[in-house]
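Q: Mind looking over this structure? Questions follow.
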Amino acid sequence: MAQRPQPQTDTGAVRRFAFELPALTASVARARRLAEERLIIWGCGPGIRDTVSLIVSELVTNAVVHTASGRFVCELREGEEKLRIAVRDEGGPAGPRIRDCGEDERGRGLIIVDALCSAWGAERTGHGTSQTVWAELAHGTGEAC
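In terms of full-length UniProt numbering, the numbers along the sequence shown are unbroken and rise by one, the last being 145.
Next up, the structure:
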């Protein structure tokens, strides 16, 4: 009788999930759902799912509203120490920045991301004005996946 291979625990394993959507307002909700569904598959609890959903919403909204993108790619990458959310868009004239929005309800997205994440940033991809805006949640800031 053949033996089945035993599952192995690789402490350096990274889980990755990416999807591409059109840069439309309706895609923000779709991106949130796709991210949440993947986190459920990965066994993440509701607290981390809620936090990631909010971050995905903010980063995707920025790509849709503040860039000249026709499409964007969202990637979740979960490793031993952190969960990284990255949104690559087709770029615009300026990179993302936190701004003082006063009492205006618009423009608070990166303030929220900054408050929730252990780190975030942006980098040009080297292809025209394309950029990736990313945010990281350290394990221990919410439930681990």
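A virtual CB, placed ideally from N, CA and C, is assigned to each residue, including glycine.
Taking Thr51 as part of the alpha helix (DSSP H), name the residues at either end of that continuous run.
A: In the sequence shown, the residue the question calls residue 51 occupies position 51. Run containing Thr51: 46-66, per the alpha helix (DSSP H) assignment.
Q: Cβ atoms of Ala35 and Leu76: under 8 Å apart, would you say?
A: For the purposes of this step, residue 76 is taken as the residue at position 76 of the sequence shown. For the purposes of this step, residue 35 is taken as the residue at position 35 of the sequence shown. Contact: yes.
Q: Closer than 8 Å is the cut-off here; do at least three beta carbon pairs connect the stretch 121-137 with the stretch 65-84?
A: The stretch 121-137 is in contact with the stretch 65-84.
Q: Alpha carbon to alpha carbon, how far is Ala138 from Leu83?
A: The residue you call residue 138 lines up with position 138 of the sequence shown. The residue you call residue 83 lines up with position 83 of the sequence shown. Their Cα atoms are separated by approximately 6 Å.
Q: Whose C-alpha, out of Arg16, Val28, Ile111, Gly121, is nearest the C-alpha of Arg71?
A: Taking the sequence shown and counting its residues from 1, one reaches residue 71 at position 71. Closest option to Arg71, Cα to Cα, is Val28.
Q: Quick check on this structure: which residue in Ala119, Gly47, Ile111, Arg124 has the alpha carbon closest to the alpha carbon of Asp89?
A: Working through the sequence shown from its first residue, we reach residue 89 at position 89. The candidate whose alpha carbon is nearest that of Asp89 is Arg124.
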